[in-house]
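Using this note's numbering, read the sequence shown as starting at 38 and increasing by one per residue. What follows is a short report on a single structure.
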Amino acid sequence: MTKPDFQMRADLSPREAVAGHDALAPLLDPAIGPLFRQPLPGEADSAWHGHVPFAFWLVEAIRPRSIVELGAHRGVSYLAFCQAVEEAGIEARCMAVDTWQGDPQAGFYGDEALETLRAFHDPRYGHFSKLRRATFAAALDAVADGSVDLLHIDGFHGHEAVRADFTGWLPKLSGRGVVILHGTNEHRPGFGVRRFMQELREAYPAFEFLHAHGLGLVTVGSDPPAAAAALCRLRDPGQVALVRDRFAALGAIQERLALAEASAAAAAARIAEVQAAALGAVQDALASRDAAADRAAAIEASLAWRLSGPARR
């Protein structure tokens, strides 16, 4: 009797077995696990979706004990950090700082942005994370010097503003401190993160992604995490391009997923509106019919009353 196909290679030589395992080693490497993580559904309107895969990888690669984000807006980047901390089992404290009022670049908005973020964030991450409503400068007193391992700066993107954010929070960074800045490849007037990133490159090891408006990474501590330090040491143009292209591809997938989720949510909202309007129209028609019936009955009763008058005399 012929053996099933899946048993026919049971006689692999040790060399063949090792070769087969080696061929699968890249797929079995736990280090790539974060690249396949999917963010929980959340707010879709964000320029940060393209960097969510890198956020997942970075948090697990450097395992920060403290994360601070300056400028959370609707929370796409910050929720990615929190999800990575939770799913990787990292003992970390996290804090997002924002006024949740907006600015001329991001637009202005009301309390609904913070309320929506709190409703999603607090039940999931409130045991290790805090949303602090304050200016970046006012929040400095809440953080000990030398305690922050990962700082994300994504507030107002003017050159002087981002310089002030970096300079003000630099003493808070630990010896393992890593800073990421969003908007490093944005060329619109009034956006100065690109220029500031060029200045940082002259003082610190750095790496930059060019997709999704750009994201810069800078190691500022004396003992940076190995993965971040290795990334900043990349000099070979081919390797730099490969890392950029891979995260750009992953980011593009995430952007399409977010857009699809937003489109589905918008379609569901429109369907709900149409259904509510149709139901309202039916209810109005029924109410009009009932009112007409009541009027007709009243007229008939009144006429019968008048006609029966002589008989009652």
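Where is the CB? At the ideal position from N, CA and C, for every residue including glycine.
If you measure between the beta carbons of Phe93 and Arg111, is that distance less than 9 Å?
Cβ atoms of Phe93 and Arg111: not closer than 9 Å.
Work out the CA separation of Ala266 and Val215 for me, nearest whole Å.
Spanning the two alpha carbons is a distance of roughly 9 Å.
Roughly how many angstroms separate the alpha carbons of Pro242 and Asp186, rounded to a whole number?
In a straight line, the C-alpha of Pro242 is about 16 Å away from that of Asp186.
With a 10 Å radius around its C-beta and 16 neighbouring C-beta atoms as the bar for buried, classify Tyr115 as buried or exposed.
Burial call: buried.
Sort out for me which residues DSSP pairs Val240 with in a bridge.
Looking at the sequence shown, residue 240 is not Val but Ala. BP columns for Ala240 are empty, so no partner.
If we ignore side chains and look at the alpha-carbon of each, how far apart do Arg170 and Ala240 end up?
Approximately 32 Å, taken between the alpha carbons.
Among Arg155, Val230, Arg161 and Glu149, which has the Cα closest to the Cα of His189?
Of the candidates Arg155, Val230, Arg161 and Glu149, the one whose C-alpha sits nearest the C-alpha of His189 is Val230.
Looking at C-alpha atoms only, which residue of Arg213, Gly220 and Ala264 is the closest neighbour of His194?
Closest by alpha carbon: Gly220.
Using C-beta distances below 6 Å, list every residue in its chain close to Leu294, excluding the 5 sequence neighbours before and after it, in chain order.
So the list is empty, once near-sequence residues are dropped.
With the cut-off set at 9 Å, would you say Met132 and Leu168 are in Cβ contact?
Closer than 9 Å, so yes.
Among all the DSSP beta bridges, which residues are the ones paired with Ala3?
Given a span of 38 to 350 for the chain in the structure shown, any question on residue 3 remains unanswerable.
Is the Cβ-Cβ distance between His88 and Phe246 less than 9 Å?
In this structure, Phe246 lies closer than 9 Å to His88 by Cβ.
Could you tell me which of Leu65, Pro78 and Ala328 sits nearest to Arg161, measuring between CA atoms?
That would be Pro78, whose Cα lies nearest to the Cα of Arg161.
Check for me: the beta strand (DSSP E) holding Ile217 runs from which residue to which?
Where Ile217 is concerned, the enclosing beta strand (DSSP E) stretches over Leu210 to His219.
Going by the CB atoms, is the gap between Asp191 and Glu123 shorter than 9 Å?
Their beta carbons are not under 9 Å apart, which means Glu123 does not touch Asp191 by this criterion.
Please classify Asp282: does DSSP put it in a helix, a strand, or coil?
The answer is helix: DSSP assigns Asp282 an H, G or I state.
Asn222 and Gly183 look like a contact to me (Cβ under 8 Å); what is the Cβ gap, rounded to whole Å?
Going by Cβ atoms, the distance from Asn222 to Gly183 rounds to 31 Å, so no, they are not a contact pair.
Roughly how far, in whole angstroms, is the beta-carbon of Ala84 from the beta-carbon of Ala198, given that I think they are within contact range, below 8 Å?
Going by Cβ atoms, the distance from Ala84 to Ala198 rounds to 17 Å, so no, they are not a contact pair.
Determine whether the beta carbon atoms of Gly258 and Leu210 lie at a separation below 9 Å.
In contact: Gly258 and Leu210 (Cβ atoms closer than 9 Å).
Can you tell me where the alpha helix (DSSP H) with Ala92 in it begins and where it stops?
It spans Val89 to Ile99 - the alpha helix (DSSP H) in which Ala92 sits, taken as one unbroken run.
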